[in-house]
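> In full-length UniProt numbering, the protein residues as written are 1 to 349. Just so it is clear, CB atoms sit at the ideal spot from N, CA and C, and this is done for glycine as well. Pasting a structure below so you can have a look.
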DNA sequence: TAACCGTGGCG
DNA sequence: TCGCCAAGGTT
């Protein structure tokens with residue numbers, strides 16, 4: 001008879017193998033009762049939503065250096081935060097980040113709430129993030145279910161129900177294992193296990209502290225779990241981006257509306273992105289030249305092939321759309337990746 | 001409920 | 001080249 005997974009075994013493993021991360025206070029370096037700063041925990045968890053640790057690290061460093069506290073962030077200008085987030089993706093996270101920071105200051109005296117419900121009420125904080133902050137920052141026995149935990153639970157219990165249907169089952173399994181002792185370390189331990197041992201491909205079962213309790217190990221099914229519902233194929237959309245440079249070096253840019261794709265981000269004026277080519281709609285009268293090639297980019301649910309057109313315009317000509325931004329106030333790093341690709345194409349190799 | 005919402009790395 | 005995948009939330 002197989003043993004059941006013991007949280008203690010995972011904590012022993014974690015005490016030795018915990019990853020060193022900029023937002024983490026390692027278990028051995030922590031004074032008794034000492035906890036990491038809830039602001040840093042929250043910020044890291046928002047950034048880590050659907051995003052790799054490697055991608056997050058430089059953004060986390062930049063944000064915490066520039067805005068060391070939640071009050072600093074709450075006082076920031078919207079456009080500065082959006083520019084600092086540019087390239088990280090899922091820009092609703094950045095808009096909600098500011099809303100949340102301002103709510104913490106306005107409604108909670110600049111201190112993060114220390115209850116699950118209080119955290120859940122904050123913008124951009126859902127069940128996972130609320131549980132993670134509750135556990136990691138406040139050591140509350142919250143159950144934390146992310147992609148790692150789903151994978152670990154599916155394997156430990158050899159659960160073949162496909163996601164997302166299996167989510168409630170896997171959540172129940174995770175809740176049944178969550179210990180009253182060191183819940184914050186435990187939450188991070190399961191996620192570290194999923195990130196370093198119980199990986200999607202080529203899991204290192206030989207190194208796993210839970211191998212003796214793993215039903216998928218016994219059944220030889222670990223690599224094929226968790227099962228997932230088949231994905232839909234992405235359609236391809238076409239569009240045109242207009243890059244106008246004024247003779248003084250200013251670029252014609254446009255702030256995108258808060259809702260929808262790339263909401264709140266800076267971008268080039270352009271056509272709609274649709275499956276069929278859109279009619280011509282330059283933002284300013286000029287001699288437009290179409291660049292050879294195109295900017296290709298894949299979003300969550302479609303591929304984009306963007307034709308880039310450029311023009312040089314005189315000082316005295318007003319644009320029909322957008323605003324000219326001088327070199328002092330614009331860096332290509334302020335742009336979401338698709339817009340930066342268009343810029344790179346225009347600037348040349 | 002299911003669609004929407006980014007990006008970069010990897011095999 | 002391409003699909004998969006990563007510490008999900010909102011509507």
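Is the distance from the Cβ of residue 122 to the Cβ of residue 100 below 7 angstroms?
Yes.
> Could you pull out every residue in the same chain whose Cβ sits closer than 6 angstroms to the Cβ of residue 338, ignoring the five residues on either side in sequence?
The answer, listed in chain order, is 297.
> What do you get for residue 8, buried or exposed, if any count of 16 or more other CB atoms within 10 angstroms of its CB means buried?
So residue 8 counts as exposed.
> Could you give the distance in angstroms between the alpha-carbon of residue 236 and the alpha-carbon of residue 301?
If you take the alpha carbons of residue 236 and residue 301, they lie about 9 angstroms apart.
> Please classify residue 47: is it buried, with 16 or more other beta-carbons within 10 angstroms of its beta-carbon, or exposed?
Its Cβ being crowded by 16 or more others within 10 Å, residue 47 is buried.
> Whole angstroms are fine: how far does the CA of residue 248 sit from the CA of residue 135?
The straight-line gap from Cα to Cα measures roughly 53 angstroms.
> From the DSSP output, read off the bridge partner residues of residue 237.
Residue 237 pairs with 304.
> Relative to the C-alpha of residue 71, which candidate in 52, 35, 81, 109 has its C-alpha closest?
The residue with the shortest Cα to Cα distance from residue 71 is 109.
> Can you give, in chain order, each stretch of the alpha helix (DSSP H) that sits fully within the region 84-127 and has at least 4 residues?
With a minimum length of 4 residues, the continuous alpha helix (DSSP H) runs that stay inside the region 84-127 are 92-108, 116-120.
> Kindly indicate which three-state DSSP category residue 217 falls into: helix, strand or coil?
Helix at residue 217.
> Output the distance between the C-alpha atoms of residue 12 and residue 131, rounded to the nearest integer angstrom.
Spanning the two alpha carbons is a distance of roughly 22 angstroms.
> Who are the Cβ neighbours of residue 69 in its own chain at under 7 angstroms, not counting the five residues just before and after it?
Same-chain partners within the cutoff: 39.
> DSSP state of residue 251, grouped into three classes?
In the structure shown, residue 251 sits in a strand (DSSP, three-state: E or B).
> Could you compute how far the alpha carbon of residue 355 sits from the alpha carbon of residue 24?
Since the first residue shown for the chain is 1 and the last is 349, residue 355 is missing from the structure and cannot be characterised.
> Under 7 angstroms Cβ to Cβ from residue 257, same chain only, skipping five residues before and after it: list those, please.
Excluding sequence neighbours, residue 257 sits near 263.
> With distance defined between alpha-carbon atoms, name the residue in 176, 272, 254 nearest to residue 320.
Among 176, 272, 254, the Cα nearest to that of residue 320 belongs to 254.
> What did DSSP end up calling residue 231 once you bin it into helix, strand or coil?
In this structure, residue 231 counts as coil in the three-state DSSP scheme.
> Helix, strand or coil, according to DSSP, for residue 132 in the structure here?
Three-state result, residue 132: helix.
> CA-CA distance, residue 305 and residue 57?
Roughly 30 angstroms separates the two Cα atoms.
> Taking only heavy atoms of the ligand GTP into account, decide whether any of them is closer than 6 angstroms to the Cβ of residue 263.
The ligand GTP is not part of the structure shown, which contains no ligands of any sort.
> According to DSSP, is residue 184 helix, strand or coil?
Helix.
> In chain order, what residues of the same chain have a beta carbon less than 6 angstroms from the beta carbon of residue 225, not counting five sequence neighbours either side?
Correct list, in chain order: 154, 155, 216.
> Find the nearest neighbour of residue 111 within the set 138, 95, 91, judged by alpha-carbon distance.
That would be 138, whose Cα lies nearest to the Cα of residue 111.
> Grab the span of the beta strand (DSSP E) containing residue 277 for me, first residue to last.
Premise fails: residue 277 is in no beta strand (DSSP E) and is neither H nor E.
> On the criterion of 16 or more Cβ atoms from any shown chain inside 10 Å, does residue 188 qualify as buried, or is it exposed?
With 16 or more other Cβ atoms within 10 Å, it is buried.
> Helix, strand or coil, according to DSSP, for residue 310 in the structure here?
Strand, per DSSP.
> Going by beta carbon distance, what residues of the same chain come within less than 7 angstroms of residue 86, once the five residues before and after it are set aside?
The residues are 265, 333, 334, 335, 336.
> Compute the Euclidean distance between the alpha carbons of residue 272 and residue 299, then round it to the nearest angstrom.
Computed Cα separation, rounded: 15 angstroms.
> From which residue to which residue does the beta strand (DSSP E) around residue 297 run?
Element bounds for residue 297: 295-298.
> So if DSSP puts residue 66 in a beta bridge, which residue, or which two residues, is it bridged to?
BP columns for residue 66 are empty, so no partner.
> Tell me, which residues are paired with residue 290 by DSSP?
In the DSSP output, where bridge partners are listed per residue, residue 290 has 309.
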